[in-house]
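Only one structure is covered here, and it is reproduced in the block below.
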Amino acid sequence: MASGSESVTFREFCPLYSLLNAIPTKIQKGFRSVLVYLTALDANGDYIAVGSSVGMLYLYCRHLDRMKKYNCEGKTESITVVKLLSCFDDLVAAGTASGRVAVFQLVSSLPGRNKQLRRFDVTGIHRNSVTALAWSPNGMKLFSGDDKGKIVYSSLDLDQGACHSLLVLEEPASIVQLDYSQKVLLVSTLQRSLLFYTEEKSVQQVGTQPRKRCAARGDRAPGGYPAARPPPRPEREGRGRALPPAPSPLGTLGALSREGATGCIPAVEPRAGFTRALTPGRGRSGLQAGEAPRLLPTPWGRNSAQEG
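-18 is the number of the first residue of the sequence shown in my numbering; add one for each residue after it.
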């Protein structure tokens, strides 16, 4: 218990029932009903964007407690990733399983802001499922990556209502995560992490060893680009310089296991009579030629064949 002079704040967290109740659990498609699965999520201080398996993007306004929905595809194409951005205009991008990226410029009631919903489509480059999206802080650049390693740069002109896209990088493995800051794009794939300098069109790899399995990237601090690759060896890459990787913990764990193996883990000896060495005269089953297996009693009253 806190003393009388201290103030204590209690916070209670509960499911967003107002959001969940506004999303249908199934929709009617012709003569059959299709279940709706939530497949992507992103949130900021103003909105919560939820992608679904039926190609519908649900946008929940946290201030007005109101839900709006946008159709990203003409058919029931699953939304795989969504990304929100709040700058001068509120923007939301959604990537689908077919490789389409839809960008919505949301309507705002504030003076001088956008008064009409606009949509931009990035098509013709991604042929596979979009797995990652990254905005520039001003909303004029959008980077998208797919599960075949393609990274597409889209330049948005919100005033003219134009969107131009081109392929800027292609990796041999699926794109896991993208992050953009100060003309540097951090790319994480299933095999490695790298820095892509957008002006110089150059690539700098983070670390020296290939990744053995997918690993989540850590949070980003100013001036540095942390990344992790298994075994857990956090590395830090600065602009123009590479710091040595942290020592692997496997050596320490191995030493501890060798020291404590005798005292902590008891040795298990096999019971006599249940094993037989394989000799040249015996087959793979351990029986002599023509020898039949013995029947041993079991606790539940049956007999089981046990090789002698």
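We put the CB at the ideal spot given by N, CA and C, even for glycine.
What residue from the options has the CA that sits closest to residue i's CA?
i: LYS50; options: GLU58, TYR39, ILE60 and THR57; result: TYR39
i: SER183; options: GLY130, LEU175 and THR189; result: LEU175
i: VAL82; options: ASN52, VAL88 and SER67; result: ASN52
i: ARG290; options: GLU181, PRO5, THR179 and SER155; result: A query on residue 290 cannot be resolved here, the shown segment of the chain reaching from -18 to 289 and no further.
i: LEU65; options: LEU(-3), PRO5 and LYS122; result: LYS122
i: SER(-1); options: GLN190, ASP46, CYS68 and PHE101; result: ASP46
i: THR57; options: VAL35, CYS42 and GLY105; result: VAL35
i: THR6; options: CYS(-5), TYR18 and VAL187; result: TYR18
i: SER89; options: ASP70, TYR134 and PHE101; result: ASP70
i: TYR28; options: VAL73, ASN2 and PHE(-9); result: VAL73
i: GLY120; options: GLN97, LEU87 and SER67; result: SER67
i: ASN25; options: CYS42, VAL15, LEU16 and SER162; result: CYS42
i: LEU1; options: GLN9, THR189 and MET48; result: MET48
i: HIS107; options: TRP116, TYR134 and ALA115; result: TYR134
i: LEU171; options: GLN186, GLN185 and PRO191; result: PRO191
i: ALA3; options: PHE(-6), ARG(-8) and MET37; result: MET37
i: TRP116; options: VAL(-11), SER162, PHE(-9) and ARG(-8); result: SER162
What does a CB cutoff of less than 8 Å around residue i pick up in its chain, not counting 5 residues either side in sequence?
i: THR61; result: THR20, ALA21, GLY32, GLY76, THR77, ALA78, SER110, VAL111 and THR112
i: GLU180; result: LYS164
i: ILE132; result: PHE124, SER125, GLY126, LEU148, VAL149, LEU150, GLU151, GLU152, ILE156, LEU159, LEU166, VAL168 and PHE177
i: GLN86; result: ASP70, ASP71, LEU72, ASN95, LEU98, ARG99, ARG100, PHE101 and LEU139
i: GLN9; result: VAL15
i: PRO261; result: Caution applies to PRO261, whose pLDDT of 48 falls short of 50 and renders its modelled position unreliable; the value that the coordinates give is listed next. Closer than 8 Å at the Cβ level, and outside the excluded window around PRO261, lies no residue.
Return the bridge partner residues of residue i from the DSSP annotation.
i: HIS290; result: There is simply no residue 290 to check, as the chain begins at -18 and stops at 289 in what is shown.
i: ILE106; result: Answer is none; ILE106 lacks a bridge partner.
i: ILE4; result: According to DSSP, ILE4 bridges with nothing at all.
i: THR189; result: Bridge partners of THR189: none, in fact.
i: GLU180; result: None, per the DSSP bridge assignment.
i: PHE(-6); result: According to DSSP, which records beta bridges pairwise, PHE(-6) is partnered with nothing at all.
i: ASN52; result: MET37
i: ASP297; result: This structure gives no information on residue 297, because the portion of the chain shown stretches from -18 to 289.
i: ALA115; result: PHE124
i: VAL168; result: LEU159 and LEU175
i: GLY32; result: ALA21 and LEU38
i: SER67; result: ASP71
i: ARG13; result: LYS10
i: LEU150; result: ILE132
i: PRO43; result: For the record, residue 43 in the displayed sequence is Arg; it is not Pro. None, per the DSSP bridge assignment.
i: VAL62; result: GLY76
Would the C-beta of residue i count as close to the ligand FAD, meaning under 8 Å from any of its heavy atoms?
i: SER174; result: Among the components modelled here there is no ligand, and therefore nothing to report on the ligand FAD.
Skipping 5 residues on each side, what residues in its chain have a beta carbon closer than 6 Å to that of residue i?
i: SER136; result: HIS145
i: ASP128; result: ASN109, SER110, THR112 and SER155
i: ALA30; result: ASP23, LEU40, VAL63, LEU65 and VAL73
i: ALA185; result: The identity of residue 185 in the sequence shown is Gln, whereas the question assumes Ala. LEU176, listed in sequence order.
i: VAL84; result: ALA74 and PHE101
i: THR233; result: Caution is warranted here: a pLDDT of 45 is assigned to THR233, below 50, making its placement in the model unreliable, and the coordinate value is therefore given only provisionally. None.
i: SER59; result: THR20, SER34 and ALA78
Would residue i count as contacting chain B if we go by Cβ distances under 9 Å?
i: SER136; result: Judged by its chain identifiers, the structure shown contains no chain B, having just a single protein chain.
For residue i, which residues from the same chain have a beta carbon less than 7 Å from its beta carbon, with the 5 sequence-adjacent residues on both sides left out?
i: GLY142; result: ARG99
i: THR104; result: ARG81
i: HIS44; result: ASP27
i: SER238; result: In this prediction, SER238 scores a pLDDT of 45, lower than 50, which makes its location untrustworthy; the coordinate-derived value is nonetheless stated afterwards. Closer than 7 Å at Cβ, skipping near neighbours: no residue.
i: PHE(-6); result: none
i: TYR(-13); result: For clarity, residue -13 is Glu in the given sequence; the question names Tyr instead. Cβ neighbours of GLU(-13) beyond the five flanking positions: none.
Length at least 4, wholly inside the segment 69 to 93: the alpha helix (DSSP H) runs in chain order: none
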